[in-house]
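Step one of this worksheet: look at the structure below.
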Amino acid sequence: MQANLTVFERGWLSSNCVLLQGRYGNALVDTGYATHAQQTVDLVAHALAGAPLQHVINTHLHSDHCGGNAALQQHWATLQTWVPNGCLPLVQAWDEDKLSFHATGQQCPRFEATGALRIGDVRPLGDAHWQVHGAAGHDPDMVILFEPQSATLISADALWENGFGVIFPEIEGIEAFDVMAKTLDTIEQLKPRHIIPGHGKPFDDTAAALKAARSRLEQFANHPVKHAHYAAKVLVKFKLLEWQHISRQALHQWGLVTPYLERLRHLMGQSTMPMTDWLDQLTLQLVASGAASISADGHIANQ
């Protein structure tokens with residue numbers, strides 16, 4: 001993997017963050033979730049040892065990838081922040097509906113954007129030149145970054161070692177399974193030797209990861225209800241990661257005002273089931289898989 005590159009592997013609430021250091025300026029690719037923002041600042045400041053952070057690059061604007069932007073901008077006043085081209089006007093207007101924060105029931109402090117990342121751009125960051133490639137599917141505006149000399153790919157949520165992120169356009173009724181397949185083809189054509197995913201540890205076996213991703217995508221495309229079910233559990237689990245523990249009533253209150261959950265309930269054919277009952281059902285499924293627990297007093301805890 002390229003020298004002067006540091007991966008902060010964060011887990012599933014916050015995305016991985018990639019620090020690129022060198023003669024072209026210090027840059028951080030993705031910034032994690034809002035509740036981890038101070039930790040993000042501390043990790044970057046420690047790694048830079050007094051040097052400034054000059055750029056933030058967001059592969060896409062889901063809350064777990066840009067939730068640290070505002071805190072980083074406060075810490076480094078001259079920081080430049082670059083977002084995918086289609087997202088720039090949404091950030092400038094701070095449209096939380098179109099930015100998905102409201103739809104997912106998640107939080108992201110408002111931040112400023114300096115300019116746009118455009119497909120085909122070559123960005124000097126750290127010690128190398130990084131190509132910007134489109135990677136729609138998980139998000140229509142998502143980009144991935146490729147450094148050809150070391151064949152290192154920052155794949156965001158387009159490819160993990162064992163899958164990829166929820167294909168959010170499908171929740172909105174926009175066909176995107178084929179788009180996701182084309183993104184996997186793009187990754188294969190780049191021939192990366194080292195992949196830094198949005199979540200999980202970096203890996204080198206691109207062929208195995210692509211095989212697993214294509215198998216999963218085929219299952220979802222053939223059975224869209226499975227994808228909707230997966231997406232619903234992901235959204236609930238994400239909030240449990242944020243809250244750590246919550247009352248059943250508070251979970252219900254959150255679910256009742258989270259638009260994507262309402263859409264997913266319909267996509268799963270559960271529109272006649274009350275939202276609260278459906279949320280209870282999802283919670284019990286998370287408990288059965290070891291992803292949550294329920295105490296005697298009805299509180300739900302992350303596991």
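For the sequence shown, full-length UniProt numbering gives the first residue as 1, with consecutive numbering after it.
We put the CB at the ideal spot given by N, CA and C, even for glycine.
Residue i: CB within 7 Å of a non-hydrogen atom of the ligand SAH
| i | result |
| --- | --- |
| Gly200 | As presented, the structure is devoid of all ligands, the ligand SAH included, so that no description of it is given. |
Close-in-space but distant-in-sequence residues of the same chain around residue i (CB under 7 Å, 5 per side omitted)
| i | result |
| --- | --- |
| Val7 | Asn16, Val18, Ile196, Pro202 |
| Ala158 | Ala135, Gly137, His138, Met142, Ile144, Phe164, Thr183, Ile187 |
| Cys108 | Ala34, Ser63, Cys66, Gly67, Phe101 |
| Gln219 | Lys226 |
| Ser293 | Val287, Ala301, Gln303 |
| Glu9 | Asn16, Lys201 |
| Ala51 | Asn26 |
| Lys211 | none |
| Leu53 | Asn26, Leu28, Val44, Leu72, Trp76, Leu79 |
Residue i to residue j span [Cα, whole Å]
| i | j | result |
| --- | --- | --- |
| Arg123 | Asp139 | 21 Å |
| Arg214 | Ala151 | 22 Å |
| Leu261 | Gly255 | 7 Å |
| Leu286 | Gln303 | 9 Å |
| Met275 | Pro259 | 11 Å |
| Ala128 | Ala27 | 11 Å |
| His65 | His194 | 20 Å |
| Arg216 | Tyr230 | 11 Å |
| Asn58 | Ser155 | 12 Å |
| Val166 | Ala228 | 9 Å |
| Gly200 | Asp30 | 14 Å |
| Lys239 | Thr104 | 10 Å |
| His245 | Gly290 | 15 Å |
| Asp205 | Glu161 | 8 Å |
| Gln2 | Gln149 | 8 Å |
| Gly198 | Val257 | 27 Å |
| Asp42 | Gln80 | 18 Å |
| Asn222 | Ile174 | 16 Å |
| Lys233 | Leu264 | 10 Å |
| Ala37 | Gln21 | 20 Å |
| Gly269 | Gln253 | 22 Å |
| Phe177 | Ala93 | 30 Å |
| Ser295 | Ala209 | 37 Å |
| Val179 | Leu241 | 29 Å |
| Asp121 | Phe146 | 11 Å |
| Trp76 | Val56 | 11 Å |
| Leu72 | Ala45 | 10 Å |
| Trp243 | Asp185 | 37 Å |
| Ala181 | Glu172 | 18 Å |
| Gln272 | Leu125 | The displayed chain sequence assigns Thr, not Gln, to residue 272. If I take the Cα positions, the gap works out to 52 Å. |
Neighbourhood of residue i by C-beta distance below 8 Å, restricted to the same chain and skipping five residues each side
| i | result |
| --- | --- |
| Ile119 | Asn85, Val132, His133, Gly134, Val143 |
| Gly247 | Position check: residue 247 holds Ser in this sequence, whereas Gly was assumed. Answer for Ser247: Gly298, His299, Ile300, listed in chain order. |
| Val91 | Leu61, Val83, Leu99, Phe111, Glu112, Ala113 |
| Leu251 | Val236, Lys239, Leu279, Thr283, Ile300 |
Secondary structure of residue i, DSSP reduced to three states
| i | result |
| --- | --- |
| Ala176 | coil |
| Glu262 | helix |
| Leu20 | strand |
| Gly298 | coil |
| Pro197 | strand |
| Leu190 | helix |
| Pro89 | helix |
| Leu13 | coil |
| Pro124 | strand |
| Leu99 | coil |
| Pro169 | helix |
| Asp139 | coil |
Residue(s) in a DSSP beta bridge with residue i
| i | result |
| --- | --- |
| Gly115 | Trp82 |
| His133 | Ile144 |
| Ala27 | Leu20, His55 |
| Thr152 | Glu147, His194 |
| Phe203 | Ile195 |
| Ala209 | According to DSSP, which records beta bridges pairwise, Ala209 is partnered with nothing at all. |
| Gly163 | Trp160 |
| Leu5 | Leu20 |
Same chain only: Cβ atoms within 6 Å of residue i, ignoring 5 sequence neighbours per side
| i | result |
| --- | --- |
| Ala116 | Asn85, Leu88 |
| Val236 | Leu282 |
| Ala70 | Pro109, Phe111 |
| Thr40 | Thr31, Gly32, Gly68 |
| Pro192 | Ala151, Leu153, Thr206 |
Ignoring anything shorter than 4 residues or poking outside the stretch 29–79, list the alpha helix (DSSP H) runs there in chain order.
Taken in chain order, the unbroken stretches of alpha helix (DSSP H) that lie wholly in the stretch 29–79 and span 4 residues or more are 37–48, 63–66, 69–75.
Report the start-end ranges of each beta strand (DSSP E) in the stretch 213–296 that is 3 residues or longer and not cut off at the edges.
Contiguous beta strand (DSSP E) elements confined to the stretch 213–296 occur at 292–294, taking only those with 3 or more residues.
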